[in-house]
Amino acid sequence: MDFVNTGIEELAVSLTDLEEIAKRYDLVLAGQWDYERVTFDKKYTVSEGVFYLRVYGLTPNGDVGKNEAVIEFITPQLGKHYYPHGVEYGDDEFYPPFVVNDCKKTLTGLVKDLQAFNLKK
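With the sequence shown counted from 1, adding 18 to any position gets you this note's numbering.
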């Protein structure tokens with residue numbers, strides 16, 4: 019499930035600021051990054067299964083490992099985890115309404131907090 023029109027695609031922030039703000043919303047970076055990409059996950063373990071809100075970012079300067087990395091965003095997604103295959107994001111998946119609502123609330127707060135640090139002005 020894609021979360022469109024959140025406003026996050028209009029933002030660019032430093033990785034340092036993003037990491038600090040993402041923690042407020044239980045979004046974890048962990049090991050989900052490489053040279054040019056980052057993924058922040060919020061995990062939901064509920065009776066209907068395990069779901070992940072994923073906030074994706076790319077750095078135009080191509081080096082996430084540097085402290086000065088600036089992150090731009092692409093459309094966040096909610097997916098359902100299937101062991102051992104991974105996460106599926108299809109529209110035909112069932113997403114519990116309370117999980118979807120919490121994702122929307124998380125993204126609204128995240129975007130609001132990140133706007134103060136927006137480098138894409």
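By construction, the Cβ of each residue, glycine as well, lies at the ideal position given by its N, Cα and C atoms.
The structure displayed is predicted, hence computed values, not measured ones.
Query, Result
"Can you give me the Cβ contacts of D81 inside the same chain, cut-off strictly under 8 Å, excluding the 5 residues immediately before and after it?", "Y53, E54 and A87"
"Run through the DSSP bridge pairs and tell me what D20 is partnered with.", "Q95"
"Please report the distance separating the alpha-carbon of V105 from that of E38.", "26 Å"
"In the stretch 30-105, which residue ranges form an unbroken alpha helix (DSSP H) of at least 4 residues, counting only runs that do not cross its ends?", "33-42"
"Is Y70 closer than 8 Å to V117 when the C-beta atoms are compared?", "no"
"Ends of the alpha helix (DSSP H) at K122?", "P115 to Q133"
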